[in-house]
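Engineer:
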Amino acid sequence: MASDATTCSTKETSWLYRPVFPESWEPHVLYSLATWINGMAFKNINFSPTGRPVIKIAEIKGGITAQTQLTDSEYDKRYFITQGDMLFSWSGQPETSIDAFYWDGPDGWLNQHVFKVLPNDDVCTQGFLYYILKYLKPNFIGIARNKQTTGLGHVTKADMQAIQVAIPDRPTQDRITCVLGKLDARIAVNLRMNRILEKMAGAIFKSWFIDFDPVHAKAEGRDTGLPAEIDDLFPNGFEESKLGNIPRGWSVSGLGDLIELAYGRSLRAQDRRPGPVAVYGSSGQVGWHDTALVRGPGVVVGRKGNSGSVIWVPSEFFPIDTTFYVICKAPLPSLYFMFHALRVHNLPILGADSAVPGLNRNMVYMSRQVVPSSDLVTAFDSFVKPLYHRIHTCERQNRHLSGLRDTLLPKLMSGEIDIPETVSTNREAL
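Position 400 (the sequence shown) corresponds to 400 in the working numbering; numbering is contiguous.
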């Protein structure tokens, strides 16, 4: 038989999701399973041009970016995180931010609103606690929604002290962790592959359209290393412009002449219907819906919240009202080019400088962009489109793998599926 996880809260909890555990497992209070170290409350005076990254939920979900803040100061080692550390984001948008994560980036300092989780090894392994937290995610969403203000909710120490879970013996923990971990490992491989592919596309853009490497090579009589049909599209010298020296024959335009930033549309979480269409907010995908607002591929730009973020979307999508989406105009109809160009423009700075919180699209329109020939932009598209196609393939695979993992997780934790003792806990053997 199985038992419900319970909460000791005196508030009305009829809305609370109650996960089930086998009765043979040993009951424990969730909070007792680990040491939970909240990150540090950094101030602007703590930041510097160089140093270690300050890790917030944006970095946990999206990796280190040009907008990541750095600090060259040293702090209490409790706040130091390194690759493989387990984190629990306890404040934010309930469906997309409150969750357990493994840190997969460089060493850094943990910001507030995220716990560094140090499991009690005498009771459970790090991997099993990670999947307990994943199993409890619907519970955390319910708690956070009940306390939600201005779109944000939170799960506190008191909440975790009120939740009871159950823990099996160590061999059972290892078998469950191994099965689920195998799926997560494949997902992680695809994510790393996508980061490499994105860097490759970004490196081509930087070489051609920021550093002008092929133009410098031709001007100096060197081989560009490019196919002849691509090499011929680059000039062999420079000319003066409002932005300084640019390749001969290229021009400078305001972004407003090249794109329109169209407003997303309101779509509350409770109004979304299950479907294949990704819903995007300013921090990335926030859910699914059955109807698209925009045909893909596309580019989403954060308007409020994570203002100035620039996100590539591979298929049809629904951008909500905290975002803009990009519509290219006739002079430069390449979403691939504009995606990379907008990332270079450091749009979060424009949002930070605005008197009204959020990104003012008129400020974006005033920014100037170097414009190459249309034939060269077409050639750039032909180089990077296969990279983005591969990224999309990996994302589709990850959606399937995530669905399989999320189907198995409650069945394994509730005892509905019992993994035989003969199953190896060596992930490579599965």
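Ideal placement from N, C-alpha and C gives every residue a C-beta, glycine not left out.
#1: Compute the distance between the beta-carbons of Ser251 and Val371, then report whether it is under 8 Å.
#2: Going by beta-carbon coordinates alone, are Tyr263 and Phe317 separated by less than 8 Å?
#3: Starting from Leu233 and walking both ways along the alpha helix (DSSP H), at which residues does that stretch end?
#4: With respect to the alpha helix (DSSP H) encompassing Val294, which residues constitute its N-terminal and C-terminal limits?
#5: Assuming Val301 and Leu261 make a contact with CB atoms under 8 Å, what is their CB distance in whole Å?
#6: What separation, rounded to the nearest whole angstrom, lies between the Cα atoms of Ala203 and Thr224?
#7: Would you call the segment 99 to 114 and the segment 66 to 80 in contact, with 3 or more CB pairs under 8 Å?
#8: On the premise that Ser283 lies in contact with Ala58, defined as a C-beta separation below 8 Å, what is that separation, rounded to the nearest angstrom?
#9: Take Arg265 as the anchor and find which of Leu255, Phe380, Arg192 and Arg303 has the nearest alpha-carbon.
#10: Would you kindly check if the distance between the Cβ of Gly275 and the Cβ of Asp290 is under 8 Å?
#11: Taking the C-alpha atoms as reference points, what is the distance between Asp122 and Lys157?
#12: From which residue to which residue does the alpha helix (DSSP H) around Glu260 run?
#13: My output table needs one value for Gln112: the three-state DSSP class, helix, strand or coil.
#14: Given this structure, state the Cα-to-Cα distance separating Glu95 from Val286, to the nearest angstrom.
#15: Rounded to a whole number of angstroms, what is the C-alpha to C-alpha distance between Thr435 and Glu26?
#16: Output the residue ranges of the alpha helix (DSSP H) runs that lie fully inside the segment 357 to 412 and measure 4 residues or longer, sorted by chain position.
#17: Taking the continuous beta strand (DSSP E) assigned at His28, which residues delimit it?
#18: In or out: Ser14 buried (at least 16 other Cβ within 10 Å) or exposed?
#19: Counting Cβ pairs, one atom from each stretch, are 3 or more of them under 8 Å apart for the segment 330 to 346 and the segment 86 to 93?
#20: When we look at the beta-carbon of Lys116 and count the other beta-carbons within 10 Å, is it buried (16 or more) or exposed?
#21: Does the separation of the CB atoms of Leu30 and Val114 fall below 8 Å?
#22: Taking the straight line between their C-alpha atoms, what separation do you get for Ala429 and Ala379?
#23: Evaluate Met160 with the Cβ neighbour count: other Cβ atoms within 10 Å of its Cβ, from every protein chain shown; 16 or more gives buried, anything less gives exposed.
#24: In or out: Met413 buried (at least 16 other Cβ within 10 Å) or exposed?
#25: Can you tell me where the alpha helix (DSSP H) with Cys178 in it begins and where it stops?
#26: Do you know how far the Cα of Met200 is from the Cα of Phe238?
#27: Under 8 Å, do Arg343 and Val364 count as touching if we go by C-beta distance?
#28: Considering Met338, what are the terminal residues of the alpha helix (DSSP H) in which it resides?
#29: Below 8 Å between beta carbons: does that hold for Leu454 and Cys124?
#30: Where does the unbroken beta strand (DSSP E) through Val215 begin, and where does it stop?
#31: Gln112 and Met40: beta carbons closer than 8 Å?
#32: Can you have a look at Cys8 and say buried or exposed, based on whether 16 or more other CB atoms are within 10 angstroms of its CB?
#33: Whole angstroms are fine: how far does the CA of Phe205 sit from the CA of Lys182?
#34: Taking 8 Å as the threshold (C-beta atoms), are Gly249 and Pro235 in contact?
#35: Using the C-alpha atoms, what's the distance from Phe212 back to Glu240?
#36: So Pro314 packs on Pro297, CB below 8 Å; how close in whole Å?
Structural biologist: On the basis of the supplied data:
#1: Between Ser251 and Val371, the gap from beta carbon to beta carbon is short of 8 Å.
#2: The answer is no: Cβ separation not under 8 Å.
#3: Careful: Leu233 lies outside any alpha helix (DSSP H) and carries neither H nor E.
#4: Secondary structure note for Val294: it is in no alpha helix (DSSP H), with a DSSP letter that is neither H nor E.
#5: About 6 Å; that satisfies the 8 Å criterion.
#6: Near 15 Å, if we compare the C-alpha coordinates of Thr224 and Ala203.
#7: A contact is defined here as three or more CB-CB pairs under 8 Å, and the segment 99 to 114 meets this definition with respect to the segment 66 to 80.
#8: With 8 Å as the limit, Ala58 and Ser283 qualify as a contact, their Cβ atoms being about 6 Å apart.
#9: With distances taken between Cα atoms, Arg265 lies closest to Arg303.
#10: Yes, the Cβ-Cβ distance between Asp290 and Gly275 is below 8 Å.
#11: Distance between the alpha carbons of Asp122 and Lys157: 21 Å.
#12: Taken as a continuous stretch (DSSP letters only), Glu260 belongs to no alpha helix (DSSP H), being part of the beta strand (DSSP E) at Ile259 to Tyr263.
#13: Reduced to three states, the DSSP call for Gln112 is coil.
#14: Roughly 7 Å separates the two Cα atoms.
#15: What the structure shows of the chain is the stretch from 1 to 430, and residue 435 is not part of that stretch, so it cannot be assessed.
#16: Listed in chain order, they are 361 to 366.
#17: In the DSSP assignment, His28 falls within the beta strand (DSSP E) that extends over Glu26 to Val29.
#18: The predicted position of Ser14 is uncertain, since its pLDDT is 39 and thus under 50; no value can be drawn from it.
#19: The segment 330 to 346, when compared against the segment 86 to 93, does not touch it at the 8 Å Cβ threshold.
#20: Flag for Lys116 reads buried.
#21: Not in contact: Leu30 and Val114 (Cβ atoms no closer than 8 Å).
#22: Unreliable placement is indicated for Ala429, whose pLDDT of 43 sits below 50; no coordinate value is reported for it.
#23: Counting the other Cβ atoms within 10 Å of the Cβ of Met160 gives 16 or more, which makes it buried.
#24: Burial is judged here by how many other beta carbons sit within 10 angstroms of a residue's own beta carbon; Met413 has at least 16 and is buried.
#25: According to the DSSP assignment, Cys178 belongs to the alpha helix (DSSP H) that extends over Arg170 to Phe209.
#26: Straight-line measurement puts the Cα of Met200 at about 26 Å from the Cα of Phe238.
#27: No, the Cβ-Cβ distance between Arg343 and Val364 is not below 8 Å.
#28: Here the alpha helix (DSSP H) through Met338 covers Leu335 to Val344.
#29: The structure shown has nothing for residue 454, since the chain only spans 1 to 430.
#30: Not the beta strand (DSSP E): Val215 falls in the alpha helix (DSSP H), residues Asp213 to Ala219.
#31: Contact: yes.
#32: Residue placement at Cys8 is poorly supported in this model, since its pLDDT is 45, which falls under 50; the coordinates are not used for a value here.
#33: Looking at the two C-alpha atoms, the distance is approximately 35 Å.
#34: Yes.
#35: Cα to Cα, the separation comes out at about 14 Å.
#36: That belief holds up - the Cβ atoms of Pro314 and Pro297 are roughly 5 Å apart, short of 8 Å.
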